[in-house]
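**Student:** Protein chains in written order, with the numbering used here: chain A, 6 to 158; chain B, 6 to 158. Using N, Cα and C, we set each Cβ at its ideal position, and we do this for glycine too. From a predicted model like this one, the values you see are computed outputs, not experimental measurements. Questions regarding the structure given below will be posed in turn.
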DNA sequence: TATTGTTATACTCTATAACTATA
DNA sequence: TATAGTTATAGAGTATAACAATA
């Protein structure tokens, strides 16, 4: 790899358009496992342990009623269960069912596969690695942003 | 840059979850200019010259009625105009108005700004460059995929 | 008869506003 | 009175099926 060379060819499109297009690719991959992006994001958070609607709304960057609506759909499909909170009885806890965990894993695999197929279009394993490395860095940025917001609280 | 070093730290999340989260960030940035991701994708294609609904549906990976619905909204807001096709009178041509071109530019800027803010969370210009380089590569993959599909036709 | 695009209809995600239950 | 979550309602994006107009 030429460390001093240009990072990549001229950016034919603004970063936003690329990200918006990538979002559609994810959506198409999720359709294969019959999951919408909001459902996938919610299952992912539950898989990581979050549970309270207010926390979910904050992490998902949506309003509380939206959490209710998305959870309704997942409950109806047996992927999530609502449980009454222990202490404060206004609160509701959400848990992933085994079915929900299975679908989440299927979704991860489906999207990963599609993204691999896309990087294969680059026709160069070196470029594939750089694309995946870049995506992982966006994940790190996500983690850093979350940590920063948690600290500000 | 250490060319032999690990590409990045351990991928805490599957690639799909990162991409899905990134999609939400784009959505939030677009909300500032009161545009939805589908509207942004459509404006972007029109800015690049596409015009026929059938071609738009193909490029956007949606069904024809969806194109009609999204264009309806953009026409109502004065960003796009429909014109009768020249030869085949079943066809309809779409053009970006000056207002549409302005909003598209605003959207590009808004998303770019937000993405920059995110990479700044990485706290290292080197990592920021690698993240943006990676995103540009996904754009190249998009171009390669499109070219492949066009060739298969 | 085949094709292009739209209309009709339904479902999900999203929001704001109003409501219920609890604290 | 304040807070957690849901219900009510509305608008956008999406799909399938049916339709109109044109070829």
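So what does DSSP say about residue 89(B), is it helix, strand or coil?
**Tutor:** As a working note, residue 89(B) is residue 84 in the second chain. If DSSP states are grouped into helix, strand and coil, residue 89(B) belongs with the strands.
**Student:** Going by the DSSP bridge assignment, what does residue 101(B) pair with across the sheet?
**Tutor:** By one-based count along the second chain, residue 101(B) stands at place 96. Looking at the DSSP assignment, residue 101(B) forms a beta bridge with 85(B).
**Student:** Considering only the beta carbon of each residue, do residue 86(A) and residue 100(A) sit closer than 9 Å?
**Tutor:** Residue mapping note: residue 86(A) aligns to position 81 of the first chain, counting from 1. Residue mapping note: residue 100(A) aligns to position 95 of the first chain, counting from 1. Yes. Within cutoff.
**Student:** Please state if the CB of residue 18(A) and the CB of residue 147(B) are separated by a distance shorter than 9 Å.
**Tutor:** Numbered from its first residue, the second chain carries residue 147(B) at position 142. Numbered from its first residue, the first chain carries residue 18(A) at position 13. In this structure, residue 18(A) lies closer than 9 Å to residue 147(B) by Cβ.
**Student:** Here's a check: name, in chain order, each residue in its chain whose Cβ is nearer than 8 Å to the Cβ of residue 88(B), leaving out the five neighbours to either side.
**Tutor:** Position 83 of the second chain, counted from the start, is the residue given in the question as residue 88(B). Closer than 8 Å at Cβ, skipping near neighbours: 97, 98, 99, 100.
**Student:** So that I know if they touch, is there some Cβ in chain B lying closer than 9 Å to that of residue 112(A)?
**Tutor:** Here residue 112(A) is taken as the residue at index 107 of the first chain, counted from 1. For residue 112(A), the answer is yes, since a Cβ of chain B falls inside 9 Å of its Cβ.
**Student:** Got a sec? Which residues, its chain only, sit under 7 Å from residue 95(A) by beta carbon, not counting five neighbours each side?
**Tutor:** Within the first chain, residue 95(A) is the residue found at index 90, counting from 1. The answer is none, since no qualifying residue turns up.
**Student:** Is residue 32(A) close to chain B? Criterion is C-beta to C-beta, closer than 9 Å.
**Tutor:** On the first chain, residue 32(A) is found 27 positions in, with the first residue counted as 1. With 9 Å as the cut-off, residue 32(A) counts as an interface residue toward chain B.
**Student:** Find out if the Cβ-Cβ distance for the pair residue 24(A), residue 120(B) is shorter than 9 Å.
**Tutor:** Counting from one through the first chain, the residue named residue 24(A) turns up at place 19. Counting from one through the second chain, the residue named residue 120(B) turns up at place 115. The answer is yes: Cβ separation under 9 Å.
**Student:** Quick check: what's the CA-CA separation for residue 47(B) versus residue 39(B)?
**Tutor:** By 1-based counting over the second chain, the position of residue 47(B) is 42. By 1-based counting over the second chain, the position of residue 39(B) is 34. Cα to Cα, the separation comes out at about 14 Å.
**Student:** Can you pull the chain B neighbours of residue 54(A), defined as C-beta to C-beta under 8 Å?
**Tutor:** Looking up residue 54(A) in the first chain gives position 49. By Cβ distance, chain B contributes nothing, its closest Cβ being about 13 Å from residue 54(A), past 8 Å.
**Student:** Within the chosen definition, does the segment 102-111 of chain B reach the segment 121-131 of chain B through at least 3 CB pairs nearer than 8 Å?
**Tutor:** With the cut-off at 8 Å, the segment 102-111 of chain B and the segment 121-131 of chain B do not touch.
**Student:** Taking 9 Å as the CB-CB cut-off, is residue 63(B) touching chain A?
**Tutor:** Numbered from its first residue, the second chain carries residue 63(B) at position 58. No - not a single Cβ of chain A is within 9 Å of the one on residue 63(B).
**Student:** Considering only residues of the same chain and omitting the five flanking positions on each side of residue 116(A), which have a CB-CB separation below 7 Å?
**Tutor:** By 1-based counting over the first chain, the position of residue 116(A) is 111. Once the five neighbours on either side are set aside, the close Cβ partners of residue 116(A) are 31, 34, 35.
**Student:** Assign residue 42(B) to buried or exposed, taking buried as 16 or more other Cβ atoms, counted over all protein chains shown, within 10 Å of its Cβ.
**Tutor:** Start at 1 with the first residue of the second chain, and residue 42(B) comes out as number 37. The residue in question, residue 42(B), is buried, as its Cβ has 16 or more Cβ neighbours within 10 Å.
**Student:** Sorted by chain position, which residues of the same chain lie with C-beta nearer than 8 Å to residue 72(B)'s C-beta, five sequence neighbours on each side aside?
**Tutor:** Here residue 72(B) corresponds to residue number 67 of the second chain, with the count starting at 1. Same-chain partners within the cutoff: 47, 58, 61, 62, 65.
**Student:** For residue 153(A), is the classification buried or exposed, using 16 other Cβ atoms within 10 angstroms of its Cβ as the cut-off for buried?
**Tutor:** Translated into the one-based positions of the first chain, residue 153(A) becomes position 148. Label assigned to residue 153(A): exposed.
**Student:** What runs of the beta strand (DSSP E), each 3 residues or longer, lie entirely inside the segment 102-144 of chain B?
**Tutor:** With a minimum length of 3 residues, no continuous beta strand (DSSP E) run stays inside the segment 102-144 of chain B.
**Student:** Express the C-alpha separation of residue 27(B) and residue 140(A) in angstroms, rounding to a whole number.
**Tutor:** Within the first chain, residue 140(A) is the residue found at index 135, counting from 1. Within the second chain, residue 27(B) is the residue found at index 22, counting from 1. Spanning the two alpha carbons is a distance of roughly 9 Å.
**Student:** In this structure, how does DSSP classify residue 6(A) when only helix, strand and coil are distinguished?
**Tutor:** By 1-based counting over the first chain, the position of residue 6(A) is 1. Note that residue 6(A) scores 44 on pLDDT, short of 50, meaning its location in the model is unreliable; the coordinates nonetheless yield the value given after this. In the structure shown, residue 6(A) sits in coil (DSSP, three-state: anything other than H, G, I, E or B).
**Student:** Cα separation between residue 150(A) and residue 93(B)?
**Tutor:** Looking up residue 150(A) in the first chain gives position 145. Looking up residue 93(B) in the second chain gives position 88. Residue 150(A) and residue 93(B): Cα-Cα distance of roughly 52 Å.
**Student:** Run through DSSP, which three-state label would residue 38(B) get?
**Tutor:** Position 33 of the second chain, counting from 1, holds the residue named residue 38(B). Reduced to three states, the DSSP call for residue 38(B) is coil.
**Student:** Measure from the C-beta of residue 89(A) to each C-beta in chain B and report whether the shortest distance is under 9 Å.
**Tutor:** Counting from 1 along the first chain, the entry for residue 89(A) is found at position 84. Chain B contact via Cβ: absent.
**Student:** Look at the alpha carbon of residue 113(A) and the alpha carbon of residue 37(A), and state the distance between them as a whole number of angstroms.
**Tutor:** By one-based count along the first chain, residue 113(A) stands at place 108. By one-based count along the first chain, residue 37(A) stands at place 32. If I take the Cα positions, the gap works out to 11 Å.
**Student:** Note down the Cα distance separating residue 84(B) from residue 138(A), rounded to an integer number of angstroms.
**Tutor:** Taking the second chain and counting its residues from 1, the one referred to as residue 84(B) is at position 79. Taking the first chain and counting its residues from 1, the one referred to as residue 138(A) is at position 133. Cα to Cα, residue 84(B) sits roughly 37 Å from residue 138(A).
**Student:** Can you give me the C-alpha to C-alpha distance between residue 134(B) and residue 135(A), rounded to a whole angstrom?
**Tutor:** Within the second chain, the letter at position 129 stands for residue 134(B). Within the first chain, the letter at position 130 stands for residue 135(A). Whole-angstrom Cα-Cα distance: 11 Å.
**Student:** Which class does residue 69(A) belong to by DSSP, given the choice of helix, strand or coil?
**Tutor:** Counted from its first residue, the first chain places residue 69(A) at position 64. Reduced to three states, the DSSP call for residue 69(A) is helix.
**Student:** To the nearest angstrom, report how far apart residue 155(A) and residue 82(A) are at their CA atoms.
**Tutor:** Indexing the first chain from 1 puts residue 155(A) at position 150. Indexing the first chain from 1 puts residue 82(A) at position 77. Cα to Cα, residue 155(A) sits roughly 32 Å from residue 82(A).
**Student:** Excluding sequence positions up to five away, which residues of its chain have a Cβ less than 8 Å from the Cβ of residue 70(A)?
**Tutor:** As a working note, residue 70(A) is residue 65 in the first chain. Closer than 8 Å at the Cβ level, and outside the excluded window around residue 70(A), lies no residue.
**Student:** Rounded to whole angstroms, what is the Cα-Cα separation between residue 44(A) and residue 22(A)?
**Tutor:** Against the first chain, residue 44(A) aligns to sequence position 39. Against the first chain, residue 22(A) aligns to sequence position 17. C-alpha separation (whole angstroms): 23 Å.
**Student:** Nearest-angstrom Cα distance between residue 103(A) and residue 122(A)?
**Tutor:** Within the first chain, numbered from 1, the residue matching residue 103(A) stands at position 98. Within the first chain, numbered from 1, the residue matching residue 122(A) stands at position 117. Distance between the alpha carbons of residue 103(A) and residue 122(A): 29 Å.
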